[in-house]
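What follows is one structure encoded as structure tokens, with my remarks underneath.
Protein chains: 2
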Amino acid sequence: MTHPLRLGLAGLGTVGAGVVKIVQSHADLLMARAGRGIEITAVSAKDRSKDRGIDLGAYHWEDDPVKLAQRDDIDVFVELIGGDDGPAKASVEAAIAAKKHVVTANKAMLAHYGQPLAEAAEAADVALSFEAAVAGGIPVIKALSESLAANRIKRVMGVMNGTCNYILTRMETDHVPYETVFADARKLGYLEADPTLDVGGIDAGHKLALLSAIAFGARVNFAGVELEGIERISITDIEQAADMGFRIKLLGVAQLTGRGLEQRMQPCLVPANSPLGQLENAMNMVVIEGDSCGQIVLRGAGAGAGPTASAVMGDVIGIARGFRLPTFGQPASTLEDIQPAQASAPAAFYLRLSLKDAPGALHKITGALGDAGVSINRMRQYAHKDTAAPVIIVTHKTTRAELDFAIEGMAGTGVILDEPVAIRIEDV
Amino acid sequence: MTHPLRLGLAGLGTVGAGVVKIVQSHADLLMARAGRGIEITAVSAKDRSKDRGIDLGAYHWEDDPVKLAQRDDIDVFVELIGGDDGPAKASVEAAIAAKKHVVTANKAMLAHYGQPLAEAAEAADVALSFEAAVAGGIPVIKALSESLAANRIKRVMGVMNGTCNYILTRMETDHVPYETVFADARKLGYLEADPTLDVGGIDAGHKLALLSAIAFGARVNFAGVELEGIERISITDIEQAADMGFRIKLLGVAQLTGRGLEQRMQPCLVPANSPLGQLENAMNMVVIEGDSCGQIVLRGAGAGAGPTASAVMGDVIGIARGFRLPTFGQPASTLEDIQPAQASAPAAFYLRLSLKDAPGALHKITGALGDAGVSINRMRQYAHKDTAAPVIIVTHKTTRAELDFAIEGMAGTGVILDEPVAIRIEDV
Numbered sequence: 106m107t108h109p110l111r112l113g114l115a116g117l118g119t120v121g122a123g124v125v126k127i128v129q130s131h132a133d134l135l136m137a138r139a140g141r142g143i144e145i146t147a148v149s150a151k152d153r154s155k156d157r158g159i160d161l162g163a164y165h166w167e168d169d170p171v172k173l174a175q176r177d178d179i180d181v182f183v184e185l186i187g188g189d190d191g192p193a194k195a196s197v198e199a200a201i202a203a204k205k206h207v208v209t210a211n212k213a214m215l216a217h218y219g220q221p222l223a224e225a226a227e228a229a230d231v232a233l234s235f236e237a238a239v240a241g242g243i244p245v246i247k248a249l250s251e252s253l254a255a256n257r258i259k260r261v262m263g264v265m266n267g268t269c270n271y272i273l274t275r276m277e278t279d280h281v282p283y284e285t286v287f288a289d290a291r292k293l294g295y296l297e298a299d300p301t302l303d304v305g306g307i308d309a310g311h312k313l314a315l316l317s318a319i320a321f322g323a324r325v326n327f328a329g330v331e332l333e334g335i336e337r338i339s340i341t342d343i344e345q346a347a348d349m350g351f352r353i354k355l356l357g358v359a360q361l362t363g364r365g366l367e368q369r370m371q372p373c374l375v376p377a378n379s380p381l382g383q384l385e386n387a388m389n390m391v392v393i394e395g396d397s398c399g400q401i402v403l404r405g406a407g408a409g410a411g412p413t414a415s416a417v418m419g420d421v422i423g424i425a426r427g428f429r430l431p432t433f434g435q436p437a438s439t440l441e442d443i444q445p446a447q448a449s450a451p452a453a454f455y456l457r458l459s460l461k462d463a464p465g466a467l468h469k470i471t472g473a474l475g476d477a478g479v480s481i482n483r484m485r486q487y488a489h490k491d492t493a494a495p496v497i498i499v500t501h502k503t504t505r506a507e508l509d510f511a512i513e514g515m516a517g518t519g520v521i522l523d524e525p526v527a528i529r530i531e532d533v
Numbered sequence: 106m107t108h109p110l111r112l113g114l115a116g117l118g119t120v121g122a123g124v125v126k127i128v129q130s131h132a133d134l135l136m137a138r139a140g141r142g143i144e145i146t147a148v149s150a151k152d153r154s155k156d157r158g159i160d161l162g163a164y165h166w167e168d169d170p171v172k173l174a175q176r177d178d179i180d181v182f183v184e185l186i187g188g189d190d191g192p193a194k195a196s197v198e199a200a201i202a203a204k205k206h207v208v209t210a211n212k213a214m215l216a217h218y219g220q221p222l223a224e225a226a227e228a229a230d231v232a233l234s235f236e237a238a239v240a241g242g243i244p245v246i247k248a249l250s251e252s253l254a255a256n257r258i259k260r261v262m263g264v265m266n267g268t269c270n271y272i273l274t275r276m277e278t279d280h281v282p283y284e285t286v287f288a289d290a291r292k293l294g295y296l297e298a299d300p301t302l303d304v305g306g307i308d309a310g311h312k313l314a315l316l317s318a319i320a321f322g323a324r325v326n327f328a329g330v331e332l333e334g335i336e337r338i339s340i341t342d343i344e345q346a347a348d349m350g351f352r353i354k355l356l357g358v359a360q361l362t363g364r365g366l367e368q369r370m371q372p373c374l375v376p377a378n379s380p381l382g383q384l385e386n387a388m389n390m391v392v393i394e395g396d397s398c399g400q401i402v403l404r405g406a407g408a409g410a411g412p413t414a415s416a417v418m419g420d421v422i423g424i425a426r427g428f429r430l431p432t433f434g435q436p437a438s439t440l441e442d443i444q445p446a447q448a449s450a451p452a453a454f455y456l457r458l459s460l461k462d463a464p465g466a467l468h469k470i471t472g473a474l475g476d477a478g479v480s481i482n483r484m485r486q487y488a489h490k491d492t493a494a495p496v497i498i499v500t501h502k503t504t505r506a507e508l509d510f511a512i513e514g515m516a517g518t519g520v521i522l523d524e525p526v527a528i529r530i531e532d533v
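These protein sequence lines are chains D and H, in that order. Under the working numbering, think of the first position of the first sequence as 106, with each following residue one higher. Under the working numbering, think of the first position of the second sequence as 106, with each following residue one higher.
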């Protein structure tokens, strides 16, 4: 029998505690499936005295995760510290330099430093695995980099921030405004310390950049992700969308076009009866479209101790079994630097305007649309609130550039109150 | 650079042709991802002269797949012949004996001979991989045996026969009886030569038995799968179910209970707004519930040249990368012989009766239910057709044994026309 695989675990938050629980309670199962024992040798966290509801007595303690990463008695460094830079990155670099395998749930770090870290890991002939970094317990990294590796990937889409999906779902079901649900989400501990990471689409954007790298053989380019958060989505938008058979989701879309790599994380309308449209609450979903496999949909919990620890341990078991795959599915040196591209394919758009209650206002607006070459599929004007008349327009397929030109034209008419809200309708 | 991985391909139906197309058109992509070339050396099929729309000119031809499996110039034998016994099994055995890796899409063969074939492959230190055998392009085997390997699996469920789902969906959307859709499915080529394999639940039952083995560390036991087909599902059942917020699916369920391993493939009612309930047409879905990961849902095309060839090639790429996993995720010798168990957990049931139009008929029926300890949640009696009155009953949670006792009791009352239809309502 091979010797047990020894883990050094840095970060003992909910996910770290979840990993400890699995290792402690599932020893037989891990042994049966991995073909060898899996044990924790040493751990590290900020506060040694904190009660985490788990027994850490058998493990060595390191205050410094870098020291933990360098210990002779670990084979795998499990990084659950978080943060794109700082101790997380320093300790991962130290682990790789010390020829330890690394398993991480850190999307921010990989979105920013995935390329040099992958290169370093491959040069050191160690694994740098990150299933837990994207969509929690959903096995999307393995699906994309292994199961579907014979496919030319056409598009990857995903709802990958559970907090945003929770907010959008609750706004619809409870008919409460964004601000109210946001406050509730904060109380429930659903939001990051900096909530912009969630509601601004940054966290989900990190994940999309990682999926893109695998799907398209591209160097990770988070800066190339077009980001738009959910802060401007109103109850009106949600209800109007529902009324027309759509739901609004913070949806990531990545695809390779003739112009380059399109990556966007933005609110989109999707058909209410599609798998993405039916996704409720904090659930995550990733949709992969390949030239042979067709559309594959993966759904599950995108966060939480259990699901994320499940993904971490899936990677650990792979290492125990002796599997070594380059971080992004092919050698980091072969990943291409693909130019980012704006979404250029025409799409239908949902447009919400607030119109001044003045004669000829609608005429001026429709004129601006016509001048830009944007044609109207559906339009509704509602009874006035105060002096503003809400108008909802669904366009026929048009480019974002044409739509922006129309919106600029509207601004010049003097009949637009507030900034127009434009949301892409994604074909899914 | 490592030498190219050389495939011997037996069976050139739609899936075999799909594999040839991927190898021929995606050489660069396969090289980039697998880290070495993947090429076909030799092929075998029944009819050499048939035009398959692919160029086989560069490959050696073998009339006998056993000869193909034994060729010195192949590393991997890809078995796409089909059939549980006969040339498929003979050639797979020959390949293993010759120390060739095997990739197969053959669920029937593995459902019957998975244990000895896995033992032989492991003894020969070769891979025997079968992602393509279960749910086509959906990466469920890898998800279960690798990504989710740190989970104690609580339940595996699946809609894994696209033809049955197509029939049930079309009955509902087009309001046409089973016989009509069945005839259409046959015309469209959706049915196996022996349609019982599809509509009798046998094909889906094979797949369930394979998932069970991985999920529960059990020896494959297809004989232990409780099988019931969709032949007796009527339009009435589908419409009544829909009216109560359910859909009828041919659903496989496997779970380990105190009594043993429960495996059943049978029509079930599932909530219409659940992922399983929303699955339409020929799509497949597998639901995996683990103690850490929670519920993971995988959806995609369960059949067809592209999706199945995608799964075959995913396995081939894994072999090219040097990954070796025991066939069922742990050594075949460690799989347990777990006793099959009937579904014993209480469930609600849907019951359709055809009642004789006679005074006191309903009274006798409700009496039989009461005598068996089955209580009624909802009941509807409809206007009579001819001399039969259709009655729909939804029970509170009860065991199948109690329900069967009630149905036996009803038979003795003399007021039941036709055989009652009882369908389990599955908590999903």
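From the three backbone atoms N, C-alpha and C, an ideal C-beta is built for every residue, glycine too. Predicted model, so just to flag it, every value in this text is computed and none were measured.
Around the beta carbon of S438(H), a 10 Å sphere encloses fewer than 16 other beta carbons of the protein chains shown; the residue is thus reported as exposed. Using a Cβ-Cβ cut-off of 7 Å, L403(D) is close to L403 of chain H, given in chain order. Taking the Cβ atoms as the reference, L110(D) lies roughly 12 Å from R138(D), outside the contact range of under 8 Å. Judged by DSSP in its simplified three-state form, D523(D) adopts strand. About 34 Å separates the CB atoms of A323(H) and G350(H); that is not less than 8 Å, and the two are not in contact. With the criterion set as a beta carbon lying under 7 Å from some beta carbon of chain D, the members of the region 231-249 of chain H are E236, G242, I243, P244, K247 and A248, in sequence order. Nearest to A238(D) by C-alpha distance, out of F433(D), L112(D) and E251(D), is F433(D). At least one CB of chain D lies nearer than 8 Å to the CB of L253(H). Three or more pairs of CB atoms, one per stretch, sit closer than 8 Å, so the region 367-374 of chain D contacts the region 319-338 of chain D. Exposure of K204(H) is indicated by the presence of fewer than 16 other C-beta atoms within 10 angstroms of its C-beta. Contact with chain H is found for H131(D), since one of that chain's Cβ atoms lies less than 8 Å from the residue's Cβ. In this structure, DSSP gives S250(H) a helical state, which the three-state scheme calls helix. Under the DSSP assignment, V375(D) falls outside any alpha helix (DSSP H), being part of the beta strand (DSSP E) whose first and last residues are G365 to P376. Cβ-Cβ distances below 7 Å link L296(H) to T268, A290 and D303 in the same chain, with the five nearest sequence neighbours on each side left out; the list follows chain order. Per DSSP, I272(D) is not a residue of any beta strand (DSSP E); the alpha helix (DSSP H) it occupies stretches across G267 to D279.
As a beta-bridge residue in DSSP terms, M388(H) pairs with A406(H). Assignment of beta-bridge partners to V171(H) by DSSP yields no partner. Not a single C-beta of chain D is nearer than 8 Å to the C-beta of F351(H).
At least 8 Å separates the CB of A318(H) from every CB of chain D. Contact between the region 389-408 of chain H and the region 482-495 of chain H is absent: fewer than 3 CB-CB pairs across the two stretches fall below 8 Å. In chain order, A137 make up the part of chain H whose C-beta sits under 8 Å from the C-beta of T439(D). In this structure the region 116-129 of chain H touches the region 143-162 of chain H; the number of beta carbon pairs closer than 8 Å is three or more. Comparing alpha-carbon positions, the option among A318(H), R457(H), I307(H) and P495(H) lying closest to D189(H) turns out to be I307(H). A distance below 8 Å between beta-carbons, with the five flanking residues on each side excluded, links R153(H) to the following residues of its chain, in chain order: W166 and D168.
Of all residues in the region 417-450 of chain D, those with a C-beta nearer than 9 Å to a C-beta of chain H are V417, M418, G419, D420, V421, I422, G423, R426, G427, F428, R429, L430, P431, G434, Q435, P436 and T439, reading in chain order. Inter-residue distance for R257(D) and G465(D) is about 51 Å (C-alpha atoms, whole angstroms).
Out of Q435(H), I246(H) and G514(H), the CA that lies nearest to the CA of A477(H) is found in G514(H).
Per DSSP, the beta-bridge partners of A452(H) are T503(H). The contact set of G399(D) on chain H, defined by CB atoms closer than 7 Å, consists of G242, G405, A406, G411 and P412 in chain order.
The beta carbon of D442(D) is closer than 7 Å to those of R324 in its chain, skipping five residues each way along the sequence. In the three-state scheme derived from DSSP, where H, G and I count as helix and E and B as strand, E344(D) is classed as helix. Three or more beta-carbon pairs separated by less than 8 Å link the region 410-420 of chain H to the region 232-248 of chain H, which places the two stretches in contact. Annotated three-state conformation of K312(D) is helix, per DSSP. Between the region 509-528 of chain D and the region 453-465 of chain D, the count of Cβ pairs shorter than 8 Å is three or higher; the stretches touch. Apart from sequence neighbours up to five positions away, the residues of its chain that approach I179(H) with a beta-carbon distance below 7 Å are R111, L112, G113, T146, A147 and K205, ordered along the chain.
The beta carbon of V375(H) sits closer than 7 Å to those of F351, R352, K354, L356, L381, G382, E531 and V533, all from its chain and outside the five residues before and after it, given in chain order.
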